[in-house]
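Undergrad:
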Amino acid sequence: MKMLLTGGAGYVGSACLRYLIREGHDPIAFDDLSEGNRDAVPADRLVVGDILDKDALVNAMREHNIEAVMHFAAVASVPESIKDPDLYWKVNVVGTKNVLDAMRETDVDRIVFSSTAATFGFHENMPITEEHEQRPETPYGTTKLADEWMIKEYARAYGIGYAFLRYFNASGADDDGENGEDRRSESHLIPLILYAALGRRDHVKIFGSDWPTRDGTCVRDYIHVEDLAQAHKLCVENIKPGVGRHYCMGNGDGTTVLEVLHAAQDVIGREIPHEFAPPRPGDPATLIATPEKITKELGWKPKYTDIRQIIETAWRWHERYPEGYTSKAAANA
Ligand code: UDP
Numbered sequence: 115m116k117m118l119l120t121g122g123a124g125y126v127g128s129a130c131l132r133y134l135i136r137e138g139h140d141p142i143a144f145d146d147l148s149e150g151n152r153d154a155v156p157a158d159r160l161v162v163g164d165i166l167d168k169d170a171l172v173n174a175m176r177e178h179n180i181e182a183v184m185h186f187a188a189v190a191s192v193p194e195s196i197k198d199p200d201l202y203w204k205v206n207v208v209g210t211k212n213v214l215d216a217m218r219e220t221d222v223d224r225i226v227f228s229s230t231a232a233t234f235g236f237h238e239n240m241p242i243t244e245e246h247e248q249r250p251e252t253p254y255g256t257t258k259l260a261d262e263w264m265i266k267e268y269a270r271a272y273g274i275g276y277a278f279l280r281y282f283n284a285s286g287a288d289d290d291g292e293n294g295e296d297r298r299s300e301s302h303l304i305p306l307i308l309y310a311a312l313g314r315r316d317h318v319k320i321f322g323s324d325w326p327t328r329d330g331t332c333v334r335d336y337i338h339v340e341d342l343a344q345a346h347k348l349c350v351e352n353i354k355p356g357v358g359r360h361y362c363m364g365n366g367d368g369t370t371v372l373e374v375l376h377a378a379q380d381v382i383g384r385e386i387p388h389e390f391a392p393p394r395p396g397d398p399a400t401l402i403a404t405p406e407k408i409t410k411e412l413g414w415k416p417k418y419t420d421i422r423q424i425i426e427t428a429w430r431w432h433e434r435y436p437e438g439y440t441s442k443a444a445a446n447a
């Protein structure tokens, strides 16, 4: 299937693009390269463009005879969204409206949307299922929930089929160590732990030591990017116009920040410098998903269910290319 992947040169988008190629699909990335990396996708599969430019979206969809869209492009930092909601409402909501309007103009009637655990906000009872109430606590979460509502309303009125994948903690790298996480400004736990291991950072900060969890640090559900990619493929192949699906995408297992650190130390075989720091605004204590619904309905089967395996893939990439795609370009020059 011919697909346009907005944000397709970013971390999750490019992992999906490479996976879809291996699975016999025909994906094109549409990315402004503000966070994405040119070298994460084959050159003939990249259109450089911004989702705030609707005409550029229309042109890309027309030129490549697009049949389905996977919409990854977004701004996605909780702390930044609290400081700058204007940016989040613009890129995430106006940008998504442009994607939907471009789809209407070009008769594309399927979309897989990258949603987030942040749309659920704070809940006591875990794991989170598709039935939990969505009550986001941050502009990142509210803008992504607004997108879900907008997509649903467009779907009902204009016969679009959709799937929402609410990601928990996307992590890991391609198994061969050739592609992985590389953001301009990194805020995620696993890459920051590995940067501290490599000496790119003095240490990693552990945000909070007094959370109501088994060791006082936050619990998250880490899911490998390739397993997320498999979910995108299953969704796009099973979307029907006018019908919607929504899934919580985690492994069903919670890991604390300290457990992630210890697993990384085990994988690498040495101590990683770390320091405790105050809690980060907007962080819930625990977020765990259950992937039962997508397993039952679409036969999703994760390849990486253990945090060690996930970290091993990430470490292979970061160790080989300590400065990410900059190191990779230098190695290949
Ligand atoms: N975290 C941390 N130090 C860091 C980055 C993250 O202790 O430098 C914690 C964060 O508070 C959260 C977990 O690690 O509990 C995962 O954070 P991340 O930013 O990777 O993903 P999020 O859960 O915010 O989507």
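Here our numbering = 1-based position in the sequence shown + 114. Just so you know, even glycine gets a beta-carbon here, dropped at the ideal spot from N, CA and C. For clarity, every value in this text was computed on a predicted model and none was experimentally measured.
1) Would you check if the distance between the CB atom of residue 277 and the CB atom of residue 255 is smaller than 8 Å?
2) When the Cα of residue 185 is compared with those of 323, 153, 119 and 223, which residue comes out closest?
3) Measuring only from the beta carbon, is residue 321 closer than 7 Å to any heavy atom that is part of ligand 1?
4) Between which two residues does the beta strand (DSSP E) holding residue 360 run?
5) Tell me where the beta strand (DSSP E) around residue 145 begins and ends.
6) Could you pull out every residue in the same chain whose Cβ sits closer than 7 Å to the Cβ of residue 449, ignoring the five residues on either side in sequence?
7) Is residue 246 near ligand 1, going by C-beta to nearest heavy atom under 7 Å?
8) Give a single yes or no on whether residue 334 has its beta carbon closer than 7 Å to a heavy atom of ligand 1.
9) Could you check which residue in 198, 442 and 243 has the C-alpha nearest to that of residue 403?
10) Excluding the 5 residues preceding and the 5 following residue 325 in the sequence, name in chain order all residues of the same chain whose CB lies nearer than 7 Å to its CB.
11) Among the candidates 393, 299, 376 and 372, whose CA atom is the shortest distance from the CA of residue 322?
12) Count the other CB atoms within 10 Å of the CB of residue 286; is the residue buried (16 or more) or exposed (fewer)?
13) In chain order, which alpha helix (DSSP H) runs of at least 4 residues are fully inside the segment 365-438?
14) In the structure shown, what three-state DSSP assignment does residue 534 receive?
15) Let me check understanding here. Comparing Cα to Cα, which of 337, 199 and 270 lies closest to residue 218?
16) Report the start-end ranges of each beta strand (DSSP E) in the segment 282-336 that is 3 residues or longer and not cut off at the edges.
17) So does residue 314 have its beta carbon nearer than 7 Å to some heavy atom of ligand 3?
18) So if DSSP puts residue 275 in a beta bridge, which residue, or which two residues, is it bridged to?
19) Applying the 10 Å Cβ sphere with the 16-neighbour rule, what's the burial state of residue 437?
20) Please work out which residues of its chain come closer than 7 Å, Cβ to Cβ, to residue 199, disregarding the five sequence neighbours upstream and downstream, and give them in chain order.
21) So if DSSP puts residue 116 in a beta bridge, which residue, or which two residues, is it bridged to?
22) Can you name the residues that DSSP bridges to residue 160?
23) Tell me, please, which residues DSSP counts as bridged to residue 242.
24) Could you tell me whether any non-hydrogen atom of ligand 1 is closer than 7 Å to the CB of residue 394?
25) To the nearest angstrom, how far is it from the Cα of residue 201 to the Cα of residue 228?
26) By DSSP, does residue 185 sit in helix, in strand, or in coil?
27) Given a cut-off of 8 Å, decide if residue 334 and residue 283 are closer than it, judged by their beta-carbon atoms.
28) Counting only runs of 3+ residues fully inside the segment 168-219, write out the beta strand (DSSP E) ranges in chain order.
TA: The relevant details are as follows:
1) Your numbering for residue 277 matches position 163 in the sequence shown. Your numbering for residue 255 matches position 141 in the sequence shown. Their beta carbons are not under 8 Å apart, which means residue 277 does not touch residue 255 by this criterion.
2) Reading the sequence shown from its first residue, position 71 is the one you call residue 185. Checked all of 323, 153, 119 and 223; the closest Cα to residue 185 is 119.
3) Here the question's residue 321 lines up with position 207 in the sequence shown. Yes.
4) For the purposes of this step, residue 360 is identified with residue 246 of the sequence shown, where counting begins at 1. From DSSP, the beta strand (DSSP E) with residue 360 extends over 358-363.
5) Within the sequence shown, residue 145 is the residue found at index 31, counting from 1. Taken as a continuous stretch (DSSP letters only), the beta strand (DSSP E) holding residue 145 covers 140-145.
6) Residue 449 lies beyond the stretch modelled for the chain, which goes from 115 to 447, so this question has no answer here.
7) Counting from 1 along the sequence shown, the entry for residue 246 is found at position 132. No - ligand 1 has no heavy atom lying nearer than 7 Å to the Cβ of residue 246.
8) Reading the sequence shown from its first residue, position 220 is the one you call residue 334. Residue 334: yes, Cβ under 7 Å from ligand 1.
9) Stepping through the sequence shown from its first residue, residue 403 is reached at position 289. Considering only alpha carbons, the answer is 243.
10) Within the sequence shown, numbered from 1, the residue matching residue 325 stands at position 211. Taken in chain order, the residues that qualify are 331, 332 and 399.
11) In the sequence shown, counting from the first residue as 1, residue 322 sits at position 208. Cα-wise, what sits closest to residue 322 is 393.
12) To locate residue 286, count along the sequence shown from 1; it is residue 172. Answer is buried; the Cβ neighbour count reaches 16.
13) 371-382, 406-412 and 421-434
14) Residue 534 is absent from the structure shown; the chain starts at 115 and stops at 447.
15) Here residue 218 is taken as the residue at index 104 of the sequence shown, counted from 1. Of the listed residues, the one whose Cα sits closest to residue 218 is 270.
16) The qualifying runs are 283-285 and 318-321.
17) Ligand 3 is not among the ligands present in this structure, which contains only ligand 1.
18) Position 161 of the sequence shown holds residue 275. Per DSSP, 224.
19) The residue labelled residue 437 in the question sits at position 323 within the sequence shown. The residue in question, residue 437, is exposed, as its Cβ has fewer than 16 Cβ neighbours within 10 Å.
20) One-based indexing of the sequence shown puts residue 199 at position 85. Correct list, in chain order: 253.
21) Against the sequence shown, residue 116 aligns to sequence position 2. DSSP lists 140 as the bridge partner or partners of residue 116.
22) Along the sequence shown, one-based indexing puts residue 160 at 46. The partner list for residue 160 (beta bridge, DSSP) reads 143.
23) To locate residue 242, count along the sequence shown from 1; it is residue 128. By DSSP's assignment, residue 242 forms a beta bridge with 403.
24) Translated into the one-based positions of the sequence shown, residue 394 becomes position 280. Yes.
25) Taking the first residue of the sequence shown as position 1, residue 201 is located at position 87. Taking the first residue of the sequence shown as position 1, residue 228 is located at position 114. Distance from the CA atom of residue 201 to the CA atom of residue 228, rounded to whole angstroms, is 18 Å.
26) Counting from 1 along the sequence shown, the entry for residue 185 is found at position 71. Three-state result, residue 185: strand.
27) By 1-based counting over the sequence shown, the position of residue 283 is 169. By 1-based counting over the sequence shown, the position of residue 334 is 220. It is a contact, given that the beta carbons lie within the stated cut-off.
28) Runs found: 182-185.
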